[in-house]
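Peer 1:
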Amino acid sequence: MEIQAPGRTENCQIGVFAAYATTRGHALIDRELYLPKSWTDDRERCQAARIPDERTFATKGDLARGMILRALAAPLTIAWVTADSAYGQDSHFRRFLEDQGLAYVVAVPKSQQVHGPRIDHLLAQAPPEAWQRLSAGPGAKGERFYDWAAARLPAVWEFDGDEPTRQRWMLARRSINKPEEIAYYLACAPLQAAVADLVRVAGCRWKIEECFQSAKNECGLDQYEVRRYVGWYRHITLAMLAHAFLAVMAVQEREKGVTRPTHPTSWTSHQPKSVVCWQLNPVIVLQAATTS
1093 MEIQAPGRTE NCQIGVFAAY ATTRGHALID RELYLPKSWT DDRERCQAAR IPDERTFATK
1153 GDLARGMILR ALAAPLTIAW VTADSAYGQD SHFRRFLEDQ GLAYVVAVPK SQQVHGPRID
1213 HLLAQAPPEA WQRLSAGPGA KGERFYDWAA ARLPAVWEFD GDEPTRQRWM LARRSINKPE
1273 EIAYYLACAP LQAAVADLVR VAGCRWKIEE CFQSAKNECG LDQYEVRRYV GWYRHITLAM
1333 LAHAFLAVMA VQEREKGVTR PTHPTSWTSH QPKSVVCWQL NPVIVLQAAT TS
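The opening residue of the sequence shown carries number 1093 in this note's numbering; numbering runs sequentially from there.
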């Protein structure tokens, strides 16, 4: 496809990727080439690029759903899914995950509506004690600490019935140094999940960026000039296989026996006249209790 750059037109390919992450390591496991309607509606152009006749237009969400179904059919243990706002804002994608029995934490734009109001307006109502500093996981410079606020959302009777087995949440991540920078999430989790579990899964979203970076630097993921459909899949698949091999080797070489951090618990707020249930920072609650 083509994109308009200042003063010129550039060629590009857009791929949808899936990564698999565990506490031991992470790697890319699936890929699909996104084809816009300007391509799929031009069958002569598709034939020249060796695009199969059966390949029709599919949104990025459609491609992502197909990859998730393939992952579920594989011998992989999958408990959570996380994705950026391009997928998280799609209610059909979120409903698909729930129908598959998957828990998720997905990014959404600040304009995302949650039972009517925008999510940024709802999070602006969070009491000070709802914010707690938690790590989203280790990064290149140590633990990635942010301030987080979370609230449980009301059950939806049409989908959850009289005895819900899952809990929906909204979540916000605020930068410590730049508090005006806030990211928003929607989540659906098992009833026993705590805020720290949501934060951990949200932090896993960066692992796919780490996969891209290492696959490009070490396996040449982006070092190609292919102009045909099959060539793109061959190059990307080979680079992903090499990256997965290196990831497995790194795990085998890494020292074993790393202890898992203990997740802090969160307490429930019973503030009146609130449509959501804020999860309070237990440290602040304890401090208030001991000084009163």
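Ideal placement from N, C-alpha and C gives every residue a C-beta, glycine not left out.
Return yes when the Cβ of residue 1111 is within less than 8 Å of the Cβ of residue 1280, no when it is not.
Peer 2: As a position in the sequence shown, residue 1280 is number 188, starting the count at 1. As a position in the sequence shown, residue 1111 is number 19, starting the count at 1. Taking C-beta atoms as the reference points, residue 1280 and residue 1111 fail to come closer than 8 Å.
Peer 1: Can you list the alpha helix (DSSP H) stretches of 4 or more residues lying completely in the segment 1175 to 1231, in chain order?
Peer 2: List check, alpha helix (DSSP H) in window: 1177 to 1180, 1183 to 1191 and 1211 to 1215.
Peer 1: My parser needs the alpha helix (DSSP H) runs of 4 or more residues fully inside the segment 1111 to 1183; what are they?
Peer 2: 1129 to 1132, 1135 to 1140, 1152 to 1165 and 1177 to 1180
Peer 1: Among 1270, 1218 and 1290, which residue has its Cα nearest to the Cα of residue 1196?
Peer 2: Counted from its first residue, the sequence shown places residue 1196 at position 104. Among 1270, 1218 and 1290, the Cα nearest to that of residue 1196 is on 1290.
Peer 1: Taking the alpha carbon of residue 1156 as the point to measure from, which residue in 1179, 1140 and 1136 has its own alpha carbon closest?
Peer 2: For the purposes of this step, residue 1156 is taken as residue 64 along the sequence shown, with counting starting at 1. Among 1179, 1140 and 1136, the Cα nearest to that of residue 1156 belongs to 1179.
Peer 1: Within the continuous alpha helix (DSSP H) that includes residue 1283, where are the two ends?
Peer 2: If you number the sequence shown from 1, residue 1283 lands on position 191. Residue 1283: not part of any alpha helix (DSSP H); DSSP gives it neither H nor E.
Peer 1: With which residues is residue 1238 paired in a DSSP beta bridge?
Peer 2: Position 146 of the sequence shown, counted from the first residue, corresponds to residue 1238. The partner list for residue 1238 (beta bridge, DSSP) reads 1226.
Peer 1: Reducing DSSP to helix, strand and coil, say where residue 1312 ends up.
Peer 2: Stepping through the sequence shown from its first residue, residue 1312 is reached at position 220. The answer is coil: DSSP assigns residue 1312 none of H, G, I, E or B.
Peer 1: With burial defined as no fewer than 16 other Cβ atoms inside 10 Å of the residue's Cβ, what is the status of residue 1260: buried or exposed?
Peer 2: As a working note, residue 1260 is residue 168 in the sequence shown. When all chains shown are included, residue 1260 counts as buried.
Peer 1: Does DSSP put residue 1339 in a helix, in a strand, or in coil?
Peer 2: As a working mapping, residue 1339 is identified with position 247 in the sequence shown. Helix, per DSSP.
Peer 1: Here's a check: name, in chain order, each residue in its chain whose Cβ is nearer than 6 Å to the Cβ of residue 1106, leaving out the five neighbours to either side.
Peer 2: Indexing the sequence shown from 1 puts residue 1106 at position 14. Only 1126 meet the Cβ criterion.
Peer 1: My assumption, with CB atoms under 8 Å, is that residue 1153 sits in contact with residue 1184. Please give the rounded CB distance.
Peer 2: Position 61 of the sequence shown holds residue 1153. Position 92 of the sequence shown holds residue 1184. That belief holds up - the Cβ atoms of residue 1153 and residue 1184 are roughly 7 Å apart, short of 8 Å.
Peer 1: Three or more C-beta pairs under 8 Å: does that hold for the segment 1222 to 1240 against the segment 1304 to 1321?
Peer 2: no
Peer 1: How is residue 1331 classed by DSSP in three states: helix, strand or coil?
Peer 2: The count along the sequence shown starts at 1 and reaches residue 1331 at position 239. Reduced to three states, the DSSP call for residue 1331 is helix.
Peer 1: Please confirm if the segment 1323 to 1334 is in contact with the segment 1228 to 1239, defined as three or more CB-CB distances below 8 Å between the two stretches.
Peer 2: no
Peer 1: The beta strand (DSSP E) spanning residue 1259 covers which residue range?
Peer 2: Numbered from its first residue, the sequence shown carries residue 1259 at position 167. Its beta strand (DSSP E) spans residues 1258 to 1266.
Peer 1: Please classify residue 1174 as buried or exposed, where buried requires at least 16 neighbouring CB atoms within 10 angstroms.
Peer 2: As a first step, residue 1174 must be located in the sequence shown, where it is residue number 82. Under this definition residue 1174 is a buried residue.
Peer 1: Tell me whether residue 1341 is buried or exposed, calling it buried when 16 or more other Cβ atoms sit within 10 Å of its Cβ.
Peer 2: As a first step, residue 1341 must be located in the sequence shown, where it is residue number 249. Residue 1341 comes out exposed.
Peer 1: How many Å lie between residue 1328 and residue 1169 at the Cα?
Peer 2: Taking the sequence shown and counting its residues from 1, the one referred to as residue 1328 is at position 236. Taking the sequence shown and counting its residues from 1, the one referred to as residue 1169 is at position 77. Counting only the Cα atoms, residue 1169 lies some 24 Å from residue 1328.
Peer 1: Just the C-alpha distance for residue 1285 and residue 1294, rounded to the nearest angstrom, thanks.
Peer 2: In the sequence shown, the residue the question calls residue 1285 occupies position 193. In the sequence shown, the residue the question calls residue 1294 occupies position 202. Roughly 13 Å between the two C-alpha positions.
Peer 1: Among 1272, 1181 and 1263, which one has its Cα closest to the Cα of residue 1215?
Peer 2: For the purposes of this step, residue 1215 is taken as residue 123 along the sequence shown, with counting starting at 1. Selected option, being the one with the closest Cα: 1263.
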